[in-house]
């Protein structure tokens with residue numbers, strides 16, 4: 049079955065610094081979602097990537113999908129305390145299945 | 136434009152009691168998923184339902200757990216005779232379909248504590 053591995057597992061950065069979170073799939077990616085989860089709350093959908101090489105931005109967050117490497121990266125520019133939380137990548141169901149799967153998350157802390 | 140609504144937000148049960156978790160999907164969404172999240176762990180798939188039908192319950196424990204999504208009303212995840220190991224955050228998510236271009240939209244979860 050497909051698995052998503054995220055790295056790093058946790059990250060502490062100083063406010064204003066850039067950072068990158070990676071999500072690697074054990075199988076071919078046919079699409080990828082990024083979510084943010086604030087501590088104790090639900091997941092907020094950030095963006096969806098569907099094609100290899102596709103890049104999307106939402107405010108200061110940019111994500112890219114590299115299908116050949118079965119990988120996606122999420123980059124935050126000039127981080128702010130409001131970016132703190134858990135970032136999870138998710139993949140749509142494989143053909144013939146119904147399960148969306150998720151990575152274990154990257155815990156981001158931004159120091160003011 | 137309400138999102139996915141889950142209640143209660145917090146639920147405390149003693150061992151052996153029943154827990155009922157409710158989920159109302161986003162308007163226009165007919166696909167409901169339940170996931171469990173343990174502290175410091177990822178989201179684990181439990182069950183996928185469409186109106187009046189359980190499509191995939193391969194992630195549900197064989198005993199004590201059940202789910203339904205009736206024609207009218209919210210989806211219900213029921214845990215009978217709860218044990219301490221059931222303590223977790225339970226998230227409901229909905230989508231208009233189940234293909235790659237239908238991301239899941241999540242509720243805020245129900246945090247179950249079994250004492």
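Protein chains in written order, with the numbering used here: chain H, 49 to 160; chain F, 136 to 250.
Glycine included, each C-beta is placed from N, C-alpha and C at the ideal position.
So with CB distances below 8 angstroms, who are the chain H contacts of residue 153 of chain F?
Position 18 of the second chain, counting from 1, holds the residue named residue 153 of chain F. By Cβ distance, chain H contributes nothing, its closest Cβ being about 24 angstroms from residue 153 of chain F, past 8 angstroms.
Nearest-angstrom beta carbon gap, residue 139 of chain F and residue 241 of chain F [assumed within contact, 8 angstroms]: One-based indexing of the second chain puts residue 241 of chain F at position 106. One-based indexing of the second chain puts residue 139 of chain F at position 4. Sure, about 6 angstroms apart at Cβ, within 8 angstroms.
Distance, Cα to Cα, residue 159 of chain F vs residue 187 of chain F? Locating residue 159 of chain F in the second chain gives position 24, where the first residue counts as 1. Locating residue 187 of chain F in the second chain gives position 52, where the first residue counts as 1. Roughly 14 angstroms between the two C-alpha positions.
Beta-carbon proximity of residue 155 of chain F to residue 211 of chain F, cut-off 7 angstroms
Your numbering for residue 155 of chain F matches position 20 in the second chain. Your numbering for residue 211 of chain F matches position 76 in the second chain. Cβ atoms of residue 155 of chain F and residue 211 of chain F: closer than 7 angstroms.
Residue 249 of chain F beta carbon less than 7 angstroms from that of residue 221 of chain F: As a first step, residue 221 of chain F must be located in the second chain, where it is residue number 86. As a first step, residue 249 of chain F must be located in the second chain, where it is residue number 114. Result yes, Cβ atoms of residue 221 of chain F and residue 249 of chain F sit closer than 7 angstroms.
- Pull out every residue of the segment 135 to 153 of chain H whose Cβ sits closer than 9 angstroms to any Cβ of chain F, in chain order. 136, 138, 139, 140, 141, 145, 146, 147, 148, 149, 150, 151, 152, 153
Should residue 178 of chain F be flagged as near chain H, meaning a C-beta pair shorter than 7 angstroms?
As a working mapping, residue 178 of chain F is identified with position 43 in the second chain. With 7 angstroms as the cut-off, residue 178 of chain F counts as an interface residue toward chain H.
- request: Give me the Cα-Cα distance between residue 128 of chain F and residue 125 of chain H, rounded to the nearest whole angstrom.
  value: There is no way to answer for residue 128 of chain F, as the model of chain F reaches only from 136 to 250.
What does residue 80 of chain H pair with, by DSSP beta-bridge criteria? As a first step, residue 80 of chain H is located in the first chain; it is residue number 32 there, counting from the start. In the DSSP output, where bridge partners are listed per residue, residue 80 of chain H has H/97.
- prompt: Would you say residue 189 of chain F reaches chain H, if we count a Cβ-Cβ gap shorter than 7 angstroms as a contact?
  reply: For the purposes of this step, residue 189 of chain F is taken as the residue at position 54 of the second chain. No, residue 189 of chain F does not count as interfacial toward chain H.
Indicate whether at least one CB of chain H lies closer than 7 angstroms to the CB of residue 239 of chain F. Along the second chain, one-based indexing puts residue 239 of chain F at 104. Yes, residue 239 of chain F counts as interfacial toward chain H.
**Q.** Continuous beta strand (DSSP E) assignments of at least 3 residues falling wholly in the segment 49 to 75 of chain H
**A.** 52 to 55, 58 to 62, 67 to 73
| field | Cβ-based contacts, 7 angstroms cut-off: residues of the segment 79 to 95 of chain H near chain F | value | 79, 81, 89, 90, 91, 93
### residue 185 of chain F beta carbon less than 7 angstroms from that of residue 166 of chain F
In the second chain, the residue the question calls residue 166 of chain F occupies position 31. In the second chain, the residue the question calls residue 185 of chain F occupies position 50. Yes, the Cβ-Cβ distance between residue 166 of chain F and residue 185 of chain F is below 7 angstroms.
Original post:
Could one say the Cβ of residue 220 of chain F lies closer than 7 angstroms to chain H's Cβ atoms, at least one of them?
Top reply: Numbered from 1 along the second chain, position 85 holds the residue referred to as residue 220 of chain F. No, its Cβ sits nowhere closer than 7 angstroms to a Cβ of chain H.
query = Quick check: the segment 128 to 137 of chain H against the segment 95 to 104 of chain H, are there 3 or more CB pairs under 8 angstroms?
reply = no
Between the alpha carbons of residue 247 of chain F and residue 62 of chain H, how many angstroms are there, rounded?
For the purposes of this step, residue 247 of chain F is identified with residue 112 of the second chain, where counting begins at 1. For the purposes of this step, residue 62 of chain H is identified with residue 14 of the first chain, where counting begins at 1. C-alpha separation (whole angstroms): 34 angstroms.
**residue 142 of chain F at chain C interface by Cβ criterion, 7 angstroms** = Here the protein chains are H and F, and chain C is not one of them.
As assigned by DSSP and simplified to three states, the class of residue 171 of chain F: As a first step, residue 171 of chain F must be located in the second chain, where it is residue number 36. Of the three classes helix, strand and coil, the one that applies to residue 171 of chain F here is strand, per DSSP.
Contacts around residue 66 of chain H, its chain only, beta-carbon distance under 6 angstroms, and the 5 residues preceding and following it disregarded: Position 18 of the first chain, counted from the first residue, corresponds to residue 66 of chain H. Excluding sequence neighbours, residue 66 of chain H sits near 125.
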